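Below you'll find the structure, written out as structure tokens, and then a few comments.
Residue numbers (my numbering): 358 to 993.
Structure below.
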């Protein structure tokens, strides 16, 4: 049991105490990787002291400690929990210099380091080297996101300091910036040099880039845009680039940095052979740019190429079209009534025809028995009465002349009831002909409709339509976007919006840009009934930086600040136009062939059946005349 009791502070190794006292201030330090040449006694003391310790709040924290030789093979290159790892190295151990020089991005990305100097050499004070005697660290790529802590002694005050240093670029011309994280006392631990109990995180502390020049890549599709990046002239052209251009300048201003823009004409396509991109993504991959000045869509193949930070442009691309008339997608002659009303109407017609037949036959039987001759009543069967009631339903009157009170009451009841039914049906038909259709809600509906489709002539539209593999989207491109002669319906913005205005045309375009032209060119009544169908199943475009960039966190934090403070919303409101409101009402729409097409089809089928039956009767008469004798009877 005595072996599990931690050593007293007086007997505790200075290196172990230094690591223990610093870990108290490092959040999420769940794993400790010790790459040193320390003796087993010191390692055991470190495991015994640091393996179960307490954080600043007094909560017990268990740490996983792993000891390994000083070799770069033991570095956590692909560990998914890199953000929880703290690596401890000792500059006095052979090979530590080579280990640090080969660590590359692990020095400044996610992993935290504690660097010690354990031996007493010439020029050291109380076991720690002077703060000016770490030339190795000046050569390492300790970029602004690094969290490497090292112990040194201030030669003027004699205090033991926990220091950090960073530079903004890997060039030798960039001088490192030195920070004092805290002061270490062997008996009291690390006293953080901060006005708060909890020291601010690295990305918050290092917000001053001291006029460092950031490189941003900007996608511009129209050369004229370069003359109007800072104004609202033709704001519907390259809108997404102009929004992000202003936000990039705001981020640079917040970081006390300058920014230099490079212009490209595409976001970037991946070469399958080299797995490299061109355009803006290619510049980020080739270290020609630090920031992606134009936000891009978040896609799976781009995750390995760049780091996405924040959604900065509140826009999406969709099919925009004016809702066609209801008769363009539905048969308006069956829509006025609910199915149960149709069932009741048909039942009423059948029941009325049957009752009328019973009443009329009873009248005939009564008249015959009483000797009254009534030649006006020519009804002989159920089909006659059914035809009479159906004619009454269509407001064609009744060809039956009732003689008795029961038959007159029944006919009068049919006329009144069916008058209201006919009036309701006719009024509803007129309203439905003037109503827009809401049936086209999905890509399947758009594919099945008679609307023509097109897309704005942009690089991302061409790429997504041509490379789509999902069955519905692929069929939409092959059947509606690509013509039989091989041409494709990629149109200029103004032409596509004009086709939307004319109707029966769906145009795939960035919504904010499209609505700007619609607000300027459409009549008020034409702005009513605008509908959207989303084609690209992607979220709003994201701002991106280099993969594993040291600027990632400072830029991301300031992008979030721009959103929280309303600056991002202001820029989007100024440059993007929202969907116009329908304030003018709908204008009168004249009846066209498409509105009465179901009636014409019914009439055509009626003519066809009538002619077919006529021909059948003529053939039957001729066959009968040939087979039967003149007297109409067969003789043996």
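Note that the Cβ used here is the ideal one computed from N, Cα and C, for glycine as well. Since we're looking at a predicted model, the values are computed, not measured.
By the Cβ neighbour-count rule, residue 722 is exposed, with fewer than 16 other Cβ atoms within 10 Å of its own. Around the beta carbon of residue 871, 16 or more other beta carbons lie within 10 angstroms, which makes this residue buried. The Cβ neighbour count for residue 681, taken over all protein chains shown within 10 Å, is at least 16; the residue is labelled buried. DSSP lists no beta-bridge partner residue for residue 970.
Rounded to the nearest whole angstrom, the CA to CA distance from residue 739 to residue 706 is 12 Å.
Rounded to the nearest whole angstrom, the CA to CA distance from residue 421 to residue 444 is 12 Å. Taking 8 Å as the upper bound for CB-CB distance, residue 864 and residue 875 are not in contact here, some 10 Å apart. Counting of Cβ neighbours within 10 angstroms places residue 372 among the buried residues, the total reaching 16 or more. Straight-line measurement puts the Cα of residue 394 at about 11 Å from the Cα of residue 475.
Distance from the Cα of residue 894 is smallest, within the candidate group 784, 675, 816, for 675. In chain order, 393, 394, 427 place their CB closer than 7 Å to the CB of residue 450, counting only its own chain and leaving out the 5 sequence neighbours on each side. Look at residue 491 here: in three-state DSSP terms it is coil, with no helix or strand label. Contact check for residue 608 against residue 912 passes: the beta carbons are separated by less than 7 Å.
DSSP places residue 398 in the uninterrupted alpha helix (DSSP H) bounded by 397-407. Cβ-Cβ distances below 7 Å link residue 904 to 662, 663, 664 in the same chain, with the five nearest sequence neighbours on each side left out; the list follows chain order.
Where residue 571 is concerned, the enclosing beta strand (DSSP E) starts and stops at 570-576. Bounds of the beta strand (DSSP E) holding residue 425 are 421-425. Under the DSSP assignment, residue 549 falls in the beta strand (DSSP E) whose first and last residues are 546-549. Cβ-Cβ distances below 8 Å link residue 408 to 419, 420, 422 in the same chain, with the five nearest sequence neighbours on each side left out; the list follows chain order. Boundaries of the beta strand (DSSP E) around residue 675: 674-679. According to the DSSP secondary-structure assignment, residue 649 is paired through a beta bridge with 574, 901. Beta-bridge partners assigned by DSSP to residue 517: 510, 541. A straight line joining the alpha-carbon of residue 869 with that of residue 823 spans about 24 Å. In terms of CA proximity to residue 909, 502 leads the group 502, 841, 460, 602. Counting C-beta pairs with one atom in each stretch, the stretch 610-620 and the stretch 560-572 have three or more that are closer than 8 Å, which means they touch.
For residue 692 against residue 789, the beta-carbon gap comes to about 6 Å, under 8 Å, which counts as contact.
Taking 7 Å as the cut-off, the beta carbon of residue 623 is found no closer than this to the beta carbon of residue 866. In the DSSP annotation of this structure, residue 892 is not part of any beta strand (DSSP E), being labelled neither H nor E. Assignment of residue 793 by DSSP, reduced to helix, strand and coil, places it in the strand class. About 13 Å separates the beta carbons of residue 667 and residue 922, which is beyond the 8 Å limit, so they are not a contact pair. Here DSSP, grouped into helix, strand and coil, assigns residue 632 to coil. One thing to note: residue 779 has its Cβ within 7 Å of the Cβ of residue 752.
In this structure, DSSP gives residue 626 a state outside helix and strand, which the three-state scheme calls coil. Of the other Cβ atoms in all chains shown, 16 or more fall within 10 Å of the Cβ of residue 541; this residue is therefore buried. For residue 813, the enclosing beta strand (DSSP E) stretches over residues 809-813.
Secondary structure note for residue 863: its beta strand (DSSP E) is the uninterrupted segment 862-867.
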